[in-house]
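So the structure is just underneath, and the comments pick up after that.
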DNA sequence: GCCTTTCGCTACAGGTCGTAGCGTAACTCC
DNA sequence: GGAGTTACGCTACGACCTGTAGCGAAAGGC
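Residue numbers (the working numbering), protein chains in the order written: chain A, 3 to 215; chain B, 3 to 215.
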């Protein structure tokens, strides 16, 4: 009833078990691997994690949010070392992303939660914050490096730069997801080389003709 | 027991009601609009269509296949008029595809069935045959026209041409889907212009430097 | 020690799935 | 026109999952 401005956990009472948290998320990933998204149930996850079903519902409102959190941590692996050229940077990050999509947990979960998010705005925001933004940072970093190297012209209009970043991100992430999940073909070296060549060529052509428009 | 080589329906007995077929598919789309993928149930669809639940199960093994068939007919609208240039053709087909993705039926259903298909090979094949191939034909037609116009060099190696078609398809379809469903930003004129400029530039650059490799 | 919150457990109503069984309707072949 | 075959609507059913409620016990802060 008093001032509760401090969101730093609830100061009093029994604290939530962090072990339970990690056990639940781990159990969720295991269930995704074995059962897939559609056959995964809250009761099953609770059993695997060794906790009561009510404990899950105290932390996550539904399967959707639980799975998002369980998969999101996998995206921490994504890194962006400087490989010396824009094309090399693109190829490296695409292969990393593809490896993530090859894992059965993400393969079955990612599209499913995105599908759910088309009718659930808070869920979409959760996905954006914990998964999408994490990928987008890599695009930003790669573009900035390419500009410093002189491979891309320095952006004058910040709006146009943002729009280009958005476009590149949608093209790369979309193409990889579509290749891996819709076409169901391998995202391997040759394909990635073609994709990055197309992108680098397209960016170069755009810069040569009209710039950032 | 006798020879049943003729697959032209089953010759004897009461034929299946084609009215029921169309009513069910229409009811499925209506349910997708109102309820979305996850809350759509077989019983609900049966009620809307005015048929018994058992009638649904006699035709479709599960919700997945039913929804694929219900959404697939929408992709018949996709057409590919010759607009005179590769870039114009790309922009037109992308805007058409985007309009399809804006519809609530497809928005909620498409990603969901693809997610299911990652663990269901027959379902993936059904999606490929009734939805994906229908889109892919447009890419083929656009590429051939561009070659006839001289915008793209004639492909010598058929394997390389196929690979390029696949790449373009994954890039276009993937980018549009990602933009519309993941980024949740509008696929409007300016964005489409940027995307097609990137593609045309990339294809031109690839042709100029190394060709189809 | 008192208060607060979490935990595991059980039980429960509500809803969905997918099937079985029945009598009836529609159509083909003889 | 009758026999055979298949589809239809209807009801009922067991199995499963959801999400919540209520309980006593446990684990922290003050």
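Glycine included, each C-beta is placed from N, C-alpha and C at the ideal position.
Asked: Extent of the continuous alpha helix (DSSP H) run through residue 106 of chain A; Found: 106-119
Asked: Whether residue 178 of chain B touches residue 100 of chain B by CB criterion (9 angstroms); Found: yes
Asked: Closer than 9 angstroms at the beta carbon, the chain A residues around residue 197 of chain B; Found: 169, 172, 173
Asked: Cβ of residue 191 of chain B within 9 angstroms of any chain A Cβ; Found: no
Asked: Closer than 9 angstroms to chain A by CB, residue 55 of chain B; Found: no
Asked: Exposed unless 16 or more other CB atoms sit within 10 angstroms - verdict on residue 1 of chain B; Found: Residue 1 of chain B falls outside the range modelled here, since chain B spans only 3 to 215, and no answer is possible.
Asked: Residues of its chain near residue 52 of chain A, where Cβ-Cβ distance is below 7 angstroms and the 5 sequence neighbours each way are ignored; Found: 25
Asked: Minimum Cβ-Cβ distance from residue 80 of chain B to chain A less than 9 angstroms; Found: no
Asked: Buried versus exposed, by CB contacts within 10 Å (16 or more), residue 109 of chain A; Found: buried
Asked: The stretch 175-190 of chain A: positions lying closer than 8 angstroms to chain B by Cβ; Found: 175, 176, 177, 178, 179, 180, 181, 183, 184, 185, 186, 187
Asked: Collapsed DSSP secondary structure at residue 91 of chain B in the structure displayed; Found: helix
Asked: Residues that residue 21 of chain A contacts on chain B, provided the C-beta gap is smaller than 7 angstroms; Found: Result: empty, since nearest Cβ-Cβ is about 30 angstroms, beyond 7 angstroms.
Asked: Sequence-distant residues of the same chain with beta carbon closer than 6 angstroms to residue 72 of chain A, five excluded per side; Found: 27, 30, 31
Asked: Proximity test, Cβ basis, 9 angstroms: residue 201 of chain B and chain A; Found: yes
Asked: Alpha carbon of residue 193 of chain A to alpha carbon of residue 160 of chain B, nearest angstrom; Found: 16 angstroms
Asked: C-alpha gap between residue 95 of chain B and residue 113 of chain B, whole angstroms; Found: 20 angstroms
Asked: Cutoff 9 angstroms: residue 49 of chain B Cβ touching any chain A Cβ; Found: no
Asked: Rounded straight-line distance, which links the Cα of residue 68 of chain B to that of residue 80 of chain A; Found: 37 angstroms
Asked: Chain B contacts from the stretch 100-126 of chain A (Cβ-Cβ distance under 7 angstroms); Found: 109, 110, 113, 114, 116, 117, 118, 120, 121, 126
Asked: Residue 97 of chain B (DSSP reduced to helix, strand or coil); Found: helix
Asked: 6 angstroms Cβ shell around residue 149 of chain A - same chain, five flanking residues per side excluded; Found: 156
Asked: Option nearest residue 91 of chain A by Cα separation, candidates A:21, A:171, A:144, A:22; Found: A:144
Asked: Interface flag, residue 129 of chain A vs chain B, CB-CB below 9 angstroms; Found: yes
Asked: Euclidean distance between Cα positions of residue 147 of chain A and residue 135 of chain A; Found: 19 angstroms
Asked: Closer than 8 angstroms at the beta carbon, the chain A residues around residue 134 of chain B; Found: 184, 185
Asked: Proximity of residue 202 of chain B and residue 176 of chain A at Cβ, strictly below 9 angstroms; Found: no
Asked: As assigned by DSSP and simplified to three states, the class of residue 156 of chain B; Found: coil
Asked: Check whether residue 173 of chain B and residue 197 of chain A have beta carbons under 9 angstroms apart; Found: yes
Asked: Proximal residues to residue 98 of chain A (C-beta, below 6 angstroms), its chain only, five neighbours per side dropped; Found: 80
Asked: 9 angstroms Cβ cutoff, residue 204 of chain B in contact with chain A; Found: yes
Asked: Closer than 7 angstroms at the beta carbon, the chain A residues around residue 208 of chain B; Found: 199, 200, 203
Asked: Residue environment, residue 129 of chain B, which counts as buried when at least 16 other CB atoms sit within 10 Å; Found: buried
Asked: Entirely enclosed alpha helix (DSSP H) segments - the stretch 136-214 of chain A, minimum 4 residues; Found: 160-179, 191-211
Asked: Nearest residue (CA-CA) to residue 121 of chain A, options B:16, B:152, B:35; Found: B:35
Asked: Distance CB(residue 139 of chain B)-CB(residue 186 of chain A) smaller than 9 angstroms; Found: no
Asked: Simplified DSSP assignment, three categories, for residue 76 of chain B; Found: helix
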